[in-house]
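S.K.: Offset between the sequence shown (1-based) and the working numbering: plus 1113. All residues carry an ideal CB built from backbone N, CA and C; glycine is no exception. Quick one: the structure is below, questions incoming.
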Amino acid sequence: WGEFYDWGLDMGQPQANHNQQREWAEIVMRDRNHPSIVAWTPFNETAGNAREHFEAHRRTVEETYALTKRLDPTRPVNDASGYVHVKTDIYTVHDYQQDVNEFAEKYTSVAPDNPDSHRQHEALSVPYAGQPYVVDEYGGTWWNEDEAEKAKSQDEERKGSWGYGKRPLDIEDVYDRIEGLTKALTDRPNIAGYTYTQLTDVEQEQNGIYHYDRSPKFDADRLKIAFSAPAAIEDSP
């Protein structure tokens, strides 16, 4: 989807919000005829603004949602990728839990008629209201073969590279995590989609499924099986 680069936006500053909306409108008008755009996302992870500028945050998100729908009424709007939701057509969460069982347990609650379905920053976000539920960031599992060979334990400090959770000691552990986390989502009949993060290693973040230069990092055929497995929602009435 089309997403805005809003990191560092201070919603407590009216001029900053005006600038964001003006630039966002230009982006939507520029890209709205592009066939690969399936949804619009004007914000990403807005918990900081929601805590510090609660009313300004809600007003700005509502205004930007309405602006986006006026400019392009044909596509759904994900008001804030991951959190904090105010008014949205898609309900998204970000989750980098590396324990497969703990990760899976969170999503047993997801159901269209359950406003208490898993969400982040519950005190700040509106409840779930039956929208398509998408885990649009998960994974982030670290793997650097050169550093892994030197590692003595999962708690060893990561010097120069980083990923979520305790570091895997071997590549099979990486596969187990990626496959297990993904299956936890595809097995849930009320989860409409997911996005594994991230595609490539980036600087110190060694948590991609490809190297920085896009060369293969894992067995692509094995990952394809995990990522293309049939999802339970496909069998839902």
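Between Thr1308 and Glu1215, which are expected to be in contact by the criterion C-beta below 8 Å, what is the C-beta distance as a whole number of angstroms?
M.R.: That belief does not hold up - the Cβ atoms of Thr1308 and Glu1215 are roughly 20 Å apart, past 8 Å.
S.K.: So, do the segment 1169 to 1185 and the segment 1122 to 1138 have three or more beta carbon pairs nearer to each other than 8 Å?
M.R.: Result yes; three or more Cβ-Cβ pairs closer than 8 Å.
S.K.: Should the segment 1180 to 1188 be called in touch with the segment 1134 to 1142, which here means at least 3 C-beta pairs below 8 Å?
M.R.: yes
S.K.: On a Cα-Cα basis, can you pick out the residue from Phe1117, Glu1235, Arg1327 that is closest to Glu1136?
M.R.: Phe1117
S.K.: Taking Cβ positions, are Arg1327 and Thr1313 nearer each other than 9 Å?
M.R.: yes
S.K.: Could you check what DSSP says for Tyr1178 in three-state terms: helix, strand or coil?
M.R.: helix
S.K.: Thinking C-alpha only, which one of Asn1257, Gln1311, Thr1299 is nearest Asp1348?
M.R.: Thr1299
S.K.: Output the boundary residues of the beta strand (DSSP E) element that contains His1207.
M.R.: 1204 to 1208
S.K.: Give the C-beta separation of Ser1238 and His1198 to the nearest angstrom, bearing in mind that I take them to be a contact with Cβ-Cβ under 8 Å.
M.R.: 5 Å
S.K.: Cβ atoms of Arg1301 and Val1223: under 9 Å apart, would you say?
M.R.: Yes.
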